[in-house]
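I have placed the structure first, in the form of structure tokens, so that the comments after it can refer back to it.
Number of protein chains: 2
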Amino acid sequence: MHTSSDPLELFFRPQGVVVVGASTDPTKLGYGVARNLLEGGYPGVVHLVNPRGGTLLGHPLYPSVEDVPDPVDLAVILIPAAAVPPVLEACGRRGIRAAIVASGGFRETGPQGAELEAACVEIAHRYAMRLMGPNCIGLVDTHLPLDTTFLPPPGPPVGDVAFISHSGALAAAVIDWARGQGFGFSRLVSLGNQADISEADILPLVAADKHTRAITLYLEGVASGRRFVHATRGLAQQKPIIALKVGRTEAGKHAAASHTGALAGQNQAFEAGFRRAGVLPAATVAQMFHWAKALAWLPLPQADRVLILTNAGGPGVTAADAIAAQGLRLARLTPQTQQLLRAMLPPAASVHNPVDMLASASPEQYAQALRLGLDDPGVDMVMVILPPPPMFSAGAVARAIIPLIQTADKPVVVVPMGDPLVAEAVAHLRAAKVPEYRFPEDAASALGALYRRSQWLRTAAETPLQPVDAAATAAAQHLLEDDATPPGQWLPPQTVRAILTAYGIPTPREAVAHSPTEAAAAAQEMGFPVALKVVSPDLPHKSEAGGVVLGLAGPDEVAAAYESMMARLQAAFPKAHLEGVLVQAMAPAGQEVIVGAVRDPLFGPLVMFGSGGVEVEGLGDVAFAIAPLTPADRAYLLEKTWAGRKLAGFRHLPPADRAAVEDVLARLAQLAWDLPMLAEIEINPLRVSLAGEGALALDVRMRRGQDKPPGFRP
Amino acid sequence: MHTSSDPLELFFRPQGVVVVGASTDPTKLGYGVARNLLEGGYPGVVHLVNPRGGTLLGHPLYPSVEDVPDPVDLAVILIPAAAVPPVLEACGRRGIRAAIVASGGFRETGPQGAELEAACVEIAHRYAMRLMGPNCIGLVDTHLPLDTTFLPPPGPPVGDVAFISHSGALAAAVIDWARGQGFGFSRLVSLGNQADISEADILPLVAADKHTRAITLYLEGVASGRRFVHATRGLAQQKPIIALKVGRTEAGKHAAASHTGALAGQNQAFEAGFRRAGVLPAATVAQMFHWAKALAWLPLPQADRVLILTNAGGPGVTAADAIAAQGLRLARLTPQTQQLLRAMLPPAASVHNPVDMLASASPEQYAQALRLGLDDPGVDMVMVILPPPPMFSAGAVARAIIPLIQTADKPVVVVPMGDPLVAEAVAHLRAAKVPEYRFPEDAASALGALYRRSQWLRTAAETPLQPVDAAATAAAQHLLEDDATPPGQWLPPQTVRAILTAYGIPTPREAVAHSPTEAAAAAQEMGFPVALKVVSPDLPHKSEAGGVVLGLAGPDEVAAAYESMMARLQAAFPKAHLEGVLVQAMAPAGQEVIVGAVRDPLFGPLVMFGSGGVEVEGLGDVAFAIAPLTPADRAYLLEKTWAGRKLAGFRHLPPADRAAVEDVLARLAQLAWDLPMLAEIEINPLRVSLAGEGALALDVRMRRGQDKPPGFRP
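Those sequence lines, one after another, are chains L and F.
Just so we're aligned, residue 1 is where the first sequence starts under the numbering used here, counting upward by one.
Just so we're aligned, residue 1 is where the second sequence starts under the numbering used here, counting upward by one.
The structure is reproduced here in structure tokens:
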């Protein structure tokens, strides 16, 4: 029996495996598991359990787990669901601390199954055992090797891409599909129902594997968004991580009353979490693996300038379109490079990017042009387009360029376009671990992923902005404690204003005055123009009652307006108690944006920024990040949206105070992070004055959530 | 010798072909052409020309075209560019009226090549000969069969998809790639430089081919956008047409001064043209053929509701995402269908869409579930997901469902996920002409194309809206003739207003008054509030001069404002001639949109609609269609944009007069169509009042273009 500090490691390095449910019937899945373990080259000991006894593939079938000899530290269980708990008990008693429950029939089938699943987890906890599944196909380590699945041989191709999947069927399909794709797997894990072990548990083990050079994830959700971000952010700095999050269309919006809440769905939360974590979000399974082989095999680019080498114009144009669609730029070759290309190519060739070497391009010309391109300081990445050359074999071209690609410090992808005529080229490239794609679009997409990863790594060490000190946080918390607003309701304006003040988010100046003289003096102090608003507990709808006057330009006007308003209101509402008026400085004209925050059940506070106003939901010019914001997150919010870009000025629109907006973003994000009892916060509009003249939160709402929100904090 | 009413038909049905430049050297392209014609099964006569004489593949090499015997009605020329014109002359003398110039070295290489190309065209015109190329790889008809290319055998797979390509290299790559894709070609045409024959010439011949069931186009541009639309719109009603337009990123914006002009690029023009023509725009080469096989082989759906059948949850979720990403809906099964599914599936199966039959799903269960789905009136299309079933072969499932798919009147696509484990299934499906895809995303994309085609066919017979009669057009033309604005300049306001009036586009009421009494009376007649604006040739900047007063609410105010404005201006500008004032009705509040038109050099007038205001370029909430508008185009403009959708009302925003906007759109589109001398027209804003209360063009600009714009009219 073994004791390890972390039973999770036993899943990948067991000294002995017991298969419970090993079957002598080759059509049964329990036969497949035994076969894959016994015949797949696993160097440890394999034990088989089947109460009916006998032998299987030359190995004895033991009546129960407790009968198998040492060593045994991993159990693979594939028996009817109802029989699983007693077997887990037996494993626990036997000292086994790692179990894969491949059987289905648990939570995925309804309440009864869920009860069974809970019973399994309870047993595992009791024996300090870790549980993979149930309802999964197990795991594969192609290098040990170890294959606990029931999938028909041959096992997955050996390689350097790890794959963690919530879906067993998808993992099985991917393993089969990958056989024709020219890349291989290091570790594969099917997590199933994740009763115990989730992706966040397995990621560190896969990232630590020396054979793994890129990690792919098929996710149907995450147990805790913050935990996922926390786990991946550090690992992603070591190895590239790509995730496909499915169930995008089923993701409901938050039940929320603000624009921010209405716009912040589960997709936005995942996108924001992935961005923070450095996880590259793929749109399809195929794209995930297109990216994985490029990330596993190629150096990262310094910048985004792509050179296209081709032997024909049409595919070159297609490639240029694809490069632009990825947000990458076409490299501009130096005059020197162009001259050298000109010297080696026919006169009709194009030495501008895309470099079209014409149909006569020989393997040597491909190689020489590639060498020149790699040497050009204006080139960060290269895409070599290889339609079947009419006078040479594509294979010869591949052979000529592979040594250059393998030694280059810039990434190069190759696009052999065709099938039988490029098959030899494809085989050479795959053997040399050069990423190849049938069409330029997939190649461009892979280059885009390389570039985005290189960009993310530059800001990966940033820490979140914390512009507000602990005293302010404490003050705001006290304000919330003293406030009696029930959960789900909006806080009163004075509490909102006090919290904003504590967090240093500027609001228009205001003061309560009880006489015309006081009002005029207050206005004089704060500057004109001002607005007057009646203060009366009996007049909740000030405007409708005639209790609001806007645009008063001098002290006399203010005093006169005070007197006439009071006279009018006393006449109209003789029973109302008129306490005085609120004198408010009117904000200067400027651009208007929205800054909001909403609590996501998985990822905690999400910050939104974008074009404000009443039509924010319709226009959808908004972006999200998770709070608190890193400098990179904040830059993203401003660059992604038109609202952010136009702060720099646009045509007649003068530049606005972008720095003030950045400051408010950081403060609001910290506020949302510090005060988890707030469910929604929305500043709409934040009025942004000319550069250097600040920004003012004109209308702000805060809604109280549950006092103890779901625990997402690390 | 043959005479045909249309020499174009000779390209696909020649009785004799002469190859000029046939080479005995197997590494030369001129050998390849001869080989493909002689050994590819072409039933006509093949003649070979090479001045060196001798024989090739058992056929004599004639010294010149003039020496070859009858029949000969198509020449394939593959000799150095400079030698092509005399050979074309010889072909002309020989009575040959169809020639493919495969040689490169023409326009694509510079001015000298362009001269050679022009010489070829001149010769062709002189002999009433049609020319394909130069710089192309010729054509293939797999059914005759006829193969004039030099591509290595085997020829392209035989099938029912036609492909017309501007790029020969891409055609060669596609032919090779398609060998592994399970569909085949009917006719392939490589157009090269299109010195004479362009895609619009060839399309009717390809569409008329009885073996062709779907047409694909790889376009690097079109010679005339309007001609292309005209040619395809009729053909697309008979057969599906899919186009990939490349060079998207190089497409410059129009040199234009209005927002409309700045936003209308070549991509927008192509999109609008394709939409009118019923051409489905593909984003990639692979996607084009994914769509083509579905369009060639499947019936069209009645609506957009998709049923997903799967044997595992994960792939089902992926498929649901992909369906939603296509803008399609998940079908809701009737209770009866659910009951029947429940009866035949295990208890843990899901009988809601996606229907998850679980890993144990047998071929019979797949077939039975598919039958039930096809019978459900709520299902318009079906996607069958087929990850390798652990207990059955995917091939058996394919065999079980193929007969149902072949006889169904609803489209069904199949997704065998994997490679070797699904190879048998793939082979069965391909043999049965059932579209199959490796991943749900490609399958969903194909279903989306089927649905969009079915939608387009519903409106394909619509004629453009012509709300304005010929008298109004004539009046506007006279106004433009009388107007002295030079090309490139903006028309004066009174001309703009008169043209709008002629076309029935409402503008605010206005009248010139010469006294306080006249002004008050005019205001009384048009209704309040009104604005007064001084009329004086000496005061071009009315506002700055103090010559504008807004928001006058009654006749007395108007008269008083008239008197005080005149007194003020007379004092300030004693030398100015004050003619009177313009009294203008002020438009009621409402939603504001932009309606514009700009002349595209390829497609003629393009209409733009969207969110107006100063930020229209930044927000980019705009859509384009080509003028004049069909009802479907107009509906598209309003549905595609937030500006259009919110006319129906949104939250606090009351419904606006959408009918008035529709009317203005139709009128402005006709205006742009009728008056080709206008380069740009922009109404920004069009203020839209509450439903039933109309819309007013508040600010309108029109710019004169060249008097004789490029000829795009059919």
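Don't be surprised by glycine CBs; every beta carbon is placed ideally from N, CA and C.
Quick caveat, the model's predicted, so the values are computed rather than measured.
The DSSP assignment places 616 to 619, 631 to 640 and 642 to 645 as complete runs of the alpha helix (DSSP H) inside the region 609 to 656 of chain F, in order along the chain (cut-off: 4 residues).
Minimum Cα-Cα distance from F/His290 among the listed residues F/Gln591, F/Ala443 and F/Ala394 corresponds to F/Ala443. Nearest in C-alpha terms to F/Ile405, of all of F/Val382, F/Ala425, F/Pro588 and F/Arg658, is F/Val382.
In terms of CA proximity to F/Gly32, F/Thr148 leads the group F/Glu9, F/Thr148 and F/Arg97.
Judged by DSSP in its simplified three-state form, L/Glu436 adopts strand.
Within chain L, the residues whose beta carbon sits less than 8 angstroms from that of F/Val246 are Gly314, Val317, Thr318 and Asp321, listed in sequence order.
Here L/Asp209 is near L/Ala162, since their CB atoms are less than 8 angstroms apart. Looking at the DSSP output, F/Ala585 sits in a beta bridge with F/Val530. Comparing alpha-carbon positions, the option among F/Asp699, F/Asp663, F/Phe603 and F/Ala656 lying closest to F/Phe274 turns out to be F/Phe603.
When the beta-carbon positions are compared, L/Val18 and L/Val68 come within less than 8 angstroms of each other. Annotation for L/Leu465: Pro628, Leu629, Thr630, Pro631, Arg634, Ala666, Ala669 and Gln670 place their beta carbon closer than 8 angstroms to its own, counting only its chain and skipping 5 residues before and after. The C-beta of L/Lys293 comes no closer than 8 angstroms to any C-beta of chain F. Contact annotation for L/Ala348 against chain F: Gly104, Gly105, Glu108, Thr109, Gly110 and Gly113 [CB-CB distance below 9 angstroms, chain order]. For F/Leu619, the neighbours in chain L by C-beta distance under 8 angstroms run, in chain order, Ser611, Leu619, Asp621 and Trp642. Its chain contains Ala679, Arg703, Arg704 and Gly705 as the residues whose beta carbon lies nearer than 8 angstroms to that of L/Gly488, once the 5 sequence neighbours on both sides are disregarded; these appear in chain order. L/His259 has its alpha-carbon roughly 53 angstroms from the corresponding atom of F/Val206. Residue-level contact by beta carbon fails for L/Tyr437 and chain F, as no gap is shorter than 8 angstroms.
No Cβ-Cβ contact shorter than 8 angstroms links L/Val558 with L/Ala511. If you ignore the 5 residues before and after L/Glu424, its C-beta comes within less than 6 angstroms of the C-beta of Gly395, all in its own chain and listed in chain order.
For a Cβ distance threshold of 8 angstroms, residue set Pro152 and Asp176 of chain F lies close to L/Leu421, ordered along the chain. F/Ala449 has its alpha-carbon roughly 56 angstroms from the corresponding atom of F/Ala523.
When secondary structure is reduced to three states using DSSP, L/Asp409 falls in the coil class, being assigned neither helix nor strand. When the beta-carbon positions are compared, F/Ala589 and F/Gly610 stay at least 8 angstroms from each other. Between F/Asn684 and chain L, the shortest Cβ-Cβ separation is not below 8 angstroms. In the DSSP assignment, F/Thr501 falls within the alpha helix (DSSP H) that extends over Pro493 to Ala502. Within chain L, no residue has its beta carbon less than 7 angstroms from that of F/Pro80; the closest one is some 13 angstroms off.
The continuous beta strand (DSSP E) containing F/Ser190 extends over residues Phe185 to Ser190. Looking at the backbone, the Cα of L/Ile401 and that of L/Val412 are separated by about 10 angstroms.
Taking C-alpha positions only, L/Val548 is separated from L/Asp600 by approximately 38 angstroms. Residue burial is scored here from C-beta neighbours: L/Val285 has at least 16 other C-beta atoms within 10 angstroms and is therefore classed as buried. In the displayed model, F/Tyr127 falls within coil according to three-state DSSP, outside both helix and strand. Between F/Glu579 and F/Gly692, the alpha-carbon positions lie close to 37 angstroms from each other. No Cβ of chain F is located within less than 8 angstroms of the beta carbon of L/Thr260.
Taking 8 angstroms as the cut-off, the beta carbon of F/Glu122 is found no closer than this to the beta carbon of F/Arg107. By the criterion of a C-beta distance shorter than 7 angstroms, L/Ala169 is surrounded by no residue of its chain, once the five residues flanking it on both sides are discounted.
Our two residues, F/Pro156 and L/Lys433, have alpha carbons roughly 31 angstroms apart in a direct line.
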